[in-house]
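Let me begin by presenting the structure, written as C-alpha cells, before commenting on it.
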Amino acid sequence: MLIIHSDRTRQRRTQTELSGGELVSPFECPERVDYIIQRARDAQLGDIREPMEHGIDPVLAIHDRGYIDFLSTAWQHWKADGHAGEAIANIWPTRRMPGRHIPRNIEGRLGYYALAGETSLTADSFESALLSKDIALTALDHVLDNGNSAFALCRPPGHHAAVDQFGGYCFINNVAVAAQRALDKGHQRVAILDVDFHHGNGTQDIFYARNDVLTLSLHGDPMDEFPYFLGFAEETGEGPGEGFNINYPLPSGTDYTTWAKHLELAKERISEFRPELLIIALGVDTFENDPISSFKLKSEDYLDVGHRIAALGLPTLFVMEGGYAVEEIGINAVNVLKGFSN
Ligand code: Q9C
Ligand code: ZN
Numbered sequence: 040m041l042i043i044h045s046d047r048t049r050q051r052r053t054q055t056e057l058s059g060g061e062l063v064s065p066f067e068c069p070e071r072v073d074y075i076i077q078r079a080r081d082a083q084l085g086d087i088r089e090p091m092e093h094g095i096d097p098v099l100a101i102h103d104r105g106y107i108d109f110l111s112t113a114w115q116h117w118k119a120d121g122h123a124g125e126a127i128a129n130i131w132p133t134r135r136m137p138g139r140h141i142p143r144n145i146e147g148r149l150g151y152y153a154l155a156g157e158t159s160l161t162a163d164s165f166e167s168a169l170l171s172k173d174i175a176l177t178a179l180d181h182v183l184d185n186g187n188s189a190f191a192l193c194r195p196p197g198h199h200a201a202v203d204q205f206g207g208y209c210f211i212n213n214v215a216v217a218a219q220r221a222l223d224k225g226h227q228r229v230a231i232l233d234v235d236f237h238h239g240n241g242t243q244d245i246f247y248a249r250n251d252v253l254t255l256s257l258h259g260d261p262m263d264e265f266p267y268f269l270g271f272a273e274e275t276g277e278g279p280g281e282g283f284n285i286n287y288p289l290p291s292g293t294d295y296t297t298w299a300k301h302l303e304l305a306k307e308r309i310s311e312f313r314p315e316l317l318i319i320a321l322g323v324d325t326f327e328n329d330p331i332s333s334f335k336l337k338s339e340d341y342l343d344v345g346h347r348i349a350a351l352g353l354p355t356l357f358v359m360e361g362g363y364a365v366e367e368i369g370i371n372a373v374n375v376l377k378g379f380s381n
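Residue numbers (the numbering used here): 40 to 381.
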C-alpha cells in the first residue's frame, strides 16, 4: 500500500496541553509519526512518497472562511497582545451567551473558534494543519487515479475539527476535505468510517445535512468520554441527511469481540449505501494501553480490523487520526494496513 508521509510533520511540537488541571507535554507528539513510518518501513508495507501542495480551496470547500482566516492569523495576534504561553482557549459562547458577535480580542476569538481547551494553538499550527491536509489529498489523488488504496500518515489529526471550530488536537478535518474533493472530482457517494476511540464530531458536523457522504463512527460513549456533547446514537442526520449519520457509542472497557460486532453493523450500512470510495478515519487509541482511552483492543486485533475492512471490496483511503500509546502506535496502525492488504 502506498504511504504519503512528510518529515515536516515534525515541525509541530507543541509545548503544552491542558490536562487534569496541569500543562503537560502533549499526547499528540511528533514521535507518533516516527514510530509509524519506522514500522511501515520494517514491514515493507509499500512505497513512501512526499505530499504535493493542494492549496486552500479544498479546505474552504468545507470549512468556514472566517475560521480559516482566524487560524492563519491567531498566533500573530496572540503574540502581539503580549501573552507568554501558547494560545489556549478559556472562555466560550455557552447557554444564554449565544456568541452572536465574533470578538475583536484574540482571547475572545479563540473561545469563539475553539470547541475544547486542551489544544494549544502555536506558531506552527496553521502550516502544520495545511501540510496534514496535503498528505490526505495526495493519498486521495492516488486512490482516485488508479483505484488502489493508500495511507495518509497525517499529523495533526483532523476528525474533531468542525466547520468553524478546532479542538481535540485537530484544526482542519482531513477526512472531510478528502471526501469533498472526491465528490468534486466526480464521485457521487463517499462513506467515512471513523474507528478512532473518540467520536468524529467534526466530520458529523460538516456532513450532517447531506446524503452524499455517509458518516459512521464507533467510539467511547460521550456520556463518559471526550467530546462529551456529540456522538449519541439518536444523532442520525437532518433534512436530506436524515439516516446518513450513524453513531455507535460503546461503553468503557469494550473489548474486541463487542467492537468487531459493531464494525460489522457499520459495514452492512456502508454496503447498502454503495459508495465509490471508503475513507477510514484511522485512530488506534482503541488500544488497551492507550493513556487517554478506555477500550481493550490488542495489537493483533488490528490485523483483523484491516481484514474486515478489506472485505467491503472498496477503494479505501486510510487517514491517520489518534493513538497515544506512542511506542505501540506503529505496530497497531501498520497492523490495520497489513490486515487490509493480505
Ligand atoms: N487528559 C484524537 O484522538 N481529551 N483526539 C484529552 C487528556 C482530548 C483526542 C484528555 C482528546 C482528543 C484525534
Ligand atoms: Zn481519538
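Note that the Cβ used here is the ideal one computed from N, Cα and C, for glycine as well.
Segment limits, beta strand (DSSP E) that includes residue i
{"i": "PRO288", "result": "284-289"}
{"i": "ASP233", "result": "229-233"}
{"i": "HIS258", "result": "252-259"}
{"i": "VAL72", "result": "No beta strand (DSSP E) contains VAL72, which is instead part of the alpha helix (DSSP H) from 70-81."}
Alpha carbon of residue i to alpha carbon of residue j, nearest angstrom
{"i": "ALA299", "j": "ILE368", "result": "20 angstroms"}
{"i": "ILE211", "j": "LYS172", "result": "7 angstroms"}
{"i": "VAL375", "j": "LYS337", "result": "12 angstroms"}
{"i": "GLY282", "j": "HIS226", "result": "20 angstroms"}
{"i": "GLY150", "j": "ALA350", "result": "43 angstroms"}
{"i": "GLY285", "j": "ALA123", "result": "Before going further, note that residue 285 is Ile rather than Gly in the sequence given. Cα to Cα, ILE285 sits roughly 42 angstroms from ALA123."}
{"i": "ALA168", "j": "PRO195", "result": "6 angstroms"}
{"i": "PRO279", "j": "LYS118", "result": "44 angstroms"}
{"i": "ILE145", "j": "ASP163", "result": "17 angstroms"}
{"i": "THR297", "j": "ILE245", "result": "28 angstroms"}
{"i": "LEU126", "j": "HIS116", "result": "Position check: residue 126 holds Ala in this sequence, whereas Leu was assumed. Computed Cα separation, rounded: 10 angstroms."}
{"i": "VAL202", "j": "ARG135", "result": "22 angstroms"}
{"i": "ALA175", "j": "ALA191", "result": "5 angstroms"}
{"i": "TYR295", "j": "SER58", "result": "28 angstroms"}
{"i": "GLU327", "j": "ASP120", "result": "43 angstroms"}
{"i": "ILE309", "j": "SER45", "result": "31 angstroms"}
{"i": "GLU311", "j": "THR133", "result": "39 angstroms"}
{"i": "GLN249", "j": "LEU154", "result": "Note that residue 249 is Arg in the sequence shown here, rather than Gln. Each residue's alpha carbon lies about 22 angstroms from the other."}
{"i": "GLU166", "j": "GLU307", "result": "38 angstroms"}
{"i": "ASP73", "j": "ARG88", "result": "15 angstroms"}
{"i": "SER159", "j": "ALA128", "result": "8 angstroms"}
{"i": "MET40", "j": "ASN213", "result": "19 angstroms"}
{"i": "GLY207", "j": "ASP184", "result": "32 angstroms"}
N-terminal and C-terminal residue of the alpha helix (DSSP H) that residue i is part of
{"i": "SER164", "result": "164-185"}
{"i": "PHE357", "result": "Note, PHE357: premise wrong, no alpha helix (DSSP H); beta strand (DSSP E) at 355-359."}
{"i": "ILE107", "result": "104-119"}
{"i": "ASP96", "result": "96-99"}
{"i": "TYR218", "result": "In the sequence as presented, Tyr is not what sits at residue 218; that position holds Ala. Start and end: 213-223."}
DSSP state of residue i mapped onto helix, strand, coil
{"i": "GLY60", "result": "coil"}
{"i": "THR325", "result": "coil"}
{"i": "THR133", "result": "coil"}
{"i": "ILE245", "result": "helix"}
{"i": "ILE370", "result": "helix"}
{"i": "THR296", "result": "helix"}
{"i": "LEU269", "result": "coil"}
{"i": "ALA364", "result": "coil"}
{"i": "ALA126", "result": "strand"}
{"i": "PHE312", "result": "helix"}
{"i": "PRO442", "result": "Outside the displayed range of the chain (40 to 381) lies residue 442, so it cannot be described from this structure."}
{"i": "ARG138", "result": "Looking at the sequence itself, residue 138 is Gly, so the reference to Arg does not match. It is coil, neither helix nor strand."}
{"i": "GLU264", "result": "coil"}
{"i": "GLY147", "result": "helix"}
{"i": "ILE348", "result": "helix"}
{"i": "ALA305", "result": "helix"}
{"i": "ASN240", "result": "helix"}
CB-CB length for residue i against residue j, believed under 8 angstroms
{"i": "MET359", "j": "CYS193", "result": "5 angstroms"}
{"i": "ILE43", "j": "PRO90", "result": "5 angstroms"}
{"i": "LEU232", "j": "ASP251", "result": "Not quite, the Cβ-Cβ distance comes to about 16 angstroms (not below 8 angstroms), so this is no contact."}
{"i": "GLN219", "j": "ILE101", "result": "5 angstroms"}
{"i": "ASP329", "j": "PRO290", "result": "Going by Cβ atoms, the distance from ASP329 to PRO290 rounds to 16 angstroms, so no, they are not a contact pair."}
{"i": "GLY239", "j": "ALA305", "result": "Contact flag wrong, Cβ pair sits at about 12 angstroms."}
{"i": "VAL365", "j": "GLU70", "result": "5 angstroms"}
{"i": "ALA82", "j": "VAL373", "result": "5 angstroms"}
{"i": "ASP324", "j": "ILE331", "result": "7 angstroms"}
Residues that DSSP places opposite residue i in a beta bridge
{"i": "ILE87", "result": "ILE42"}
{"i": "LEU336", "result": "PHE326"}
{"i": "CYS193", "result": "In the DSSP output, where bridge partners are listed per residue, CYS193 has none listed."}
{"i": "PHE205", "result": "ALA153"}
{"i": "LEU317", "result": "ALA230, THR355"}
{"i": "THR48", "result": "Answer is none; THR48 lacks a bridge partner."}
{"i": "LEU376", "result": "Beta-bridge pairing links LEU376 to no other residue."}
{"i": "THR158", "result": "GLU56"}
Minimum Cβ-Cβ distance from residue i to chain D less than 8 angstroms
{"i": "VAL375", "result": "Judged by its chain identifiers, the structure shown contains no chain D, having just a single protein chain."}
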